[in-house]
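Trainee: I have a structure here, written as structure tokens, and I will follow up with some questions on it.
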Amino acid sequence: MTTRQFFGTVFALESALAAFVFAVVAMLVCLAVVRRRAGARRRPSRRLEHTRPEAFYVAVLVAVAAFLVVYTARQNHDEHRAAAHGDPVEVTVTAFQWCWRFDYPQARKPLAVRADCRAGRRPTLVVPTGRPIRFKMASPDVIHSLWVPDLRYKRDIFPHHVNTVTLTVDREGRWIGRCGEFCGDRHHTMDFWLRAVSPAAYDKWLAQHAGAPAGGTPA
Amino acid sequence: MTTAQAPSGSKEVPAGNWLGWATSTDHKRIGLLTVATSLVLLLVMGVFALIMRGQLAQPELDLVLPHTYSQLFTLHGSGMIYLVITPFALGMGVYLVPLQIGAPAIAAPRTTLLGYWLYVCGAVLVLVSLAAANGSASSGWFSYPPLADSDFSPGVGPDLWIVGVVLSTTGMILMGWTVLWTALRKRTQGMTMLRMPVFTWSMVASCLMVIGSFPSLLAAMALLAAGRADPSVFHANAWNIGYQHLFWFYGHPVVYVMFFPYLGAVAEVLAVFSGRAFFGYKGTVLSLLVFAALSMSVWAHHMFATGQVANDYYSLTSISLLVPAGVEYFAMIGTVLGGRLVFRTPMLFALAFLPQFLIGGLTGIMVGTPVLDYHLTDSYFVVAHLHYVLFAGSAFGLFAAVYFWFPKATGVELGERLGRLHFVLLVIGTNLTFLPMFALGYEGMPRRVVSYAPFDGFSLLNLLASCGAAVLAAGMVVFVVNVLWTLRKRSLGRHVPAPPDPWGAGTLEWATSSPPPATNFTPEYPVPPVRGHAPLLTLREGQGEPDDRATLSGSRG
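In order, the protein sequences belong to chains Y and F. Quick note on our numbering: the first sequence kicks off at 684 and runs consecutively. Quick note on our numbering: the second sequence kicks off at 0 and runs consecutively.
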């Protein structure tokens, strides 16, 4: 998945850096604990400053920070640019207390996927692989958040505001989607399925279900 | 400043009288009341957390109702932040800053006392709100509208919660002002700004943030109150997102207010139990001030996923924080590397603080990176991160401070064996509870869920975290027993009285008796000459003027 690839690259890099820093600090603390115990009869140092190593250390920190900021910002921009490339499929997402409704404005006849998220009745959002999908998202009540953990992506959904996100899913499969922003007592049941199918299967699905009776739950 | 000035009102107060305690303008009493109140509330909030960890121990448990669970995490989060860690930090400042700078009293003591009582009233209201018909606030500690308005959270409970938060925050602002004023204006002769102890500097930086950012929470709460009177206020996106800006303009700096004083305490403890003055003093002071300044410009990194903020800018400021944070780590590690370490309980907590807080700091860089935050925000990864900062970090600093300054405040040391047991249980409990949460969040467990399904694959890690919480609880019981047992021994007179300076420390509070007299310093315990940021150490090592040593030994009798 395109999104996952950006997340994976940056996460791996920052984890490696973090592990390195943690190892160095842990090693130094252990070294101090083992070699500098009172029984070792060393006299405590009276040194108050080490100006040159400190200045060098600050310079290293600044360089690391600058690298991280620039590198991750580039990844962030590339991710969004890559996702926005191509002819998008539009899906209108309505997040409400406490479930989801997905509308396909490009279908020839009105097509809506809906469910109530009770007793395991989760709506299934069907999308094609390889094409960018533009989600236009709004809420009629409180703030929610569309989160597909396997896509490593979430975006908040506000009332009185339309948030737009473009993502590409590059392999077929079915993943759980959740509400990422606490939205009331049944927040934990607000799940949906994201199902990615081949473009041909997607067109077939669209044709099959267009104009489905209101209240139906296609797929 | 001279020691002749008595703190107003302190003379009429008979010792041991509860009314005397409740109305005393002695900064030491106000400080002790504040930290004692916050420790009691810590136990209450801990019980809430235990109920939540019990509920999450297995999938699909029905220990509590979803609405009860929502109130539990709201009160646990808001209580820990508004009523426990922030007040404890400021209470430490109220107690210690005047002593550390050689002042006889705090500036504006009645204002400080008012601050304490506002805090207590706020805490009472927050707890009382649980008894309201529809329960207390239930939309999380940041209570975003419109979920928190009266359409979606009806009832009087959330209103009581708002008033409680406003009162206690106002109390903290008053305390912040008096502590800052004390440090700036009441220093003893020779105590230049750059000779103030690291802890006092950490309080100065914290109080600057209190003054700069806490009023923003009052504004956010006023906006929320307006929305509860008339929910149509939040029928506009500008006010919904505006609330988030106001809230996080407070909500991020408060993290550092809840962290710096504990960092300062850890720095003092590390230096004392390494037998030396703190290494890299100037760099640390500068980095605290840089940190405080930067902290005011990072708030919207809590809002990357809203899609309505300038992600690049907030990522830049957030990641820049690693520079001052790194300088502080360099100084703390430099201190222990050149020291001669003594492993008493405060030192154990301070040493464990170093690697544990680091986990919180390093994962902070991850959540400050937008491309990662889109996945990690509002997941258990963030829950793990913030608990590594505030529990594995601040709470370990808190306990280092309690064990370190307990003999100064009460005249008797806490039991060392129980202290070590407390430490071991806390280290195991902390890491067993919060480490699995990183994996849970990475795998997609959202925060604030009352339950999860067996097929989610969260069961084993949640069980581990709940077991860790039980170990934490056992550790806290040991701590409570230690405190009560020590105080009981003291009240029976079967204790060994603590000398003025039981640890061989370096700062001025250790030059006076334990506990200190009403005016902090007296002719019997005069303020020693100040020629550095660890004046007593300078005197002991004979680096001061020839007549300085006589002053010190004379004062000890």
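Glycine included, every Cβ here is placed at the ideal spot set by N, Cα and C.
#1: Hey, is R275(F)'s beta-carbon within less than 7 Å of any beta-carbon in chain Y?
#2: Cβ atoms of S822(Y) and P960(Y): under 7 Å apart, would you say?
#3: So with Cβ pairs under 7 Å, would you call L744(Y) a contact of chain F?
#4: Quick one: residues in its chain with C-beta nearer than 7 Å to the C-beta of E864(Y), no 5 flanking neighbours on either side, listed in chain order?
#5: Of all Cβ atoms in chain Y, is any one closer than 7 Å to the Cβ of V335(F)?
#6: Show which residues of chain Y have a CB atom less than 7 Å away from the CB atom of V164(F).
#7: Closer than 9 Å by beta-carbon distance: list the chain Y residues that pair up with D311(F), in chain order.
#8: Can you look up G899(Y) in the DSSP assignment and give me helix, strand or coil?
#9: If you count every other CB in all the chains shown that lies within 10 Å of the CB of R447(F), and 16 or more means buried, which is it?
#10: Show which residues of chain Y have a CB atom less than 9 Å away from the CB atom of V289(F).
#11: Roughly how many angstroms lie between the CA atoms of M475(F) and F398(F), to the nearest whole one?
#12: Between K27(F) and the rest of its own chain, which residues show a CB-CB distance below 6 Å, the 5 nearest in sequence each way excluded?
#13: Is the region 805 to 820 of chain Y in contact with the region 846 to 854 of chain Y, if contact means three or more CB pairs nearer than 8 Å?
#14: Which runs of the beta strand (DSSP E) spanning at least 3 residues fall entirely within the region 701 to 765 of chain Y, listed in chain order?
#15: Under 7 Å Cβ to Cβ from L287(F), same chain only, skipping five residues before and after it: list those, please.
#16: Hey, P599(F) and G226(F): beta-carbon distance below 7 Å or not?
#17: Just list the residues that DSSP pairs G211(F) with in beta bridges.
#18: Classify D853(Y) as helix, strand or coil using the three-state DSSP reduction.
#19: Would you report the Cα separation of A438(F) and Y836(Y), rounded to the nearest angstrom?
#20: If you pair each beta-carbon of the region 354 to 364 of chain F with each one of the region 384 to 393 of chain F, do three or more pairs fall below 8 Å?
#21: By how many angstroms is the C-alpha of S142(F) removed from the C-alpha of T305(F)?
#22: Going by beta-carbon coordinates alone, are S135(F) and Q70(F) separated by less than 7 Å?
#23: Got a sec, what are the start and stop residues for the alpha helix (DSSP H) T368(F) sits in?
#24: Quick one: Cα of P528(F) to Cα of V284(F), how far?
#25: As an exercise, report each continuous alpha helix (DSSP H) stretch of at least 4 residues that is fully enclosed by the region 378 to 408 of chain F, in chain order.
#26: CB-CB under 6 Å to H301(F), same chain, minus the five flanking residues each way: which ones, in chain order?
#27: Hey, is G863(Y)'s beta-carbon within less than 7 Å of any beta-carbon in chain F?
#28: P534(F) CB to nearest chain Y CB: under 7 Å?
#29: Suppose you measure from the CA of D853(Y) to the CA of V809(Y); what does that come to, to the nearest Å?
#30: Look at the alpha carbon of M195(F) and the alpha carbon of G396(F), and state the distance between them as a whole number of angstroms.
#31: For the candidate residues G114(F), D158(F), Q99(F) and T110(F), whose alpha-carbon lies nearest to that of A130(F)?
#32: Apply the 10 Å Cβ neighbour rule to F478(F) and answer buried if 16 or more other Cβ atoms are within range, or exposed otherwise.
#33: Would you call W17(F) buried or exposed, if buried means 16 or more other Cβ atoms sit within 10 Å of its Cβ?
#34: Strictly under 7 Å for the Cβ-Cβ distance: is M365(F) near chain Y by that measure?
#35: Shorter than 7 Å from the beta carbon of A695(Y) to some beta carbon of chain F?
#36: On the DSSP letters alone, give me the boundaries of the alpha helix (DSSP H) that T22(F) sits inside.
Mentor: Let me spell this out:
#1: yes
#2: Beyond the ends of chain Y as shown, which are 684 and 902, falls residue 960(Y); an answer cannot be given.
#3: Contacts with chain F at 7 Å (Cβ-Cβ) include L744(Y).
#4: I826, H827, S828 and D839
#5: yes
#6: Correct list: empty, because the minimum Cβ distance to chain Y is about 18 Å.
#7: V752, A756, N759 and H760
#8: Caution is warranted here: a pLDDT of 47 is assigned to G899(Y), below 50, making its placement in the model unreliable, and no coordinate value can be reported.
#9: It counts as buried.
#10: For V289(F), there are no neighbours in chain Y by C-beta distance under 9 Å, as the nearest C-beta there is about 11 Å away.
#11: 11 Å
#12: So the list reads Y94, once near-sequence residues are dropped.
#13: yes
#14: Counting only runs of 3 or more, we get nothing.
#15: So the list reads W200, S201, A204 and F259, once near-sequence residues are dropped.
#16: Since the first residue shown for chain F is 0 and the last is 556, residue 599(F) is missing from the structure and cannot be characterised.
#17: According to DSSP, which records beta bridges pairwise, G211(F) is partnered with nothing at all.
#18: coil
#19: 16 Å
#20: Output reads yes: the region 384 to 393 of chain F touches the region 354 to 364 of chain F.
#21: Between the alpha carbons of T305(F) and S142(F) lies a gap of roughly 15 Å.
#22: yes
#23: From DSSP, T368(F) is part of no alpha helix (DSSP H); its letter is neither H nor E.
#24: 22 Å
#25: 379 to 386
#26: Listed in chain order, the non-local C-beta contacts of H301(F) below 6 Å within the same chain comprise W247, local neighbours out to five positions each way being set aside.
#27: Under the Cβ distance rule, G863(Y) counts among the residues neighbouring chain F, one pair being separated by less than 7 Å.
#28: no
#29: 13 Å
#30: Straight through space, the alpha carbons of G396(F) and M195(F) are spaced by roughly 20 Å.
#31: D158(F)
#32: buried
#33: exposed
#34: Output row for M365(F): interface = yes.
#35: no
#36: W17 to T22
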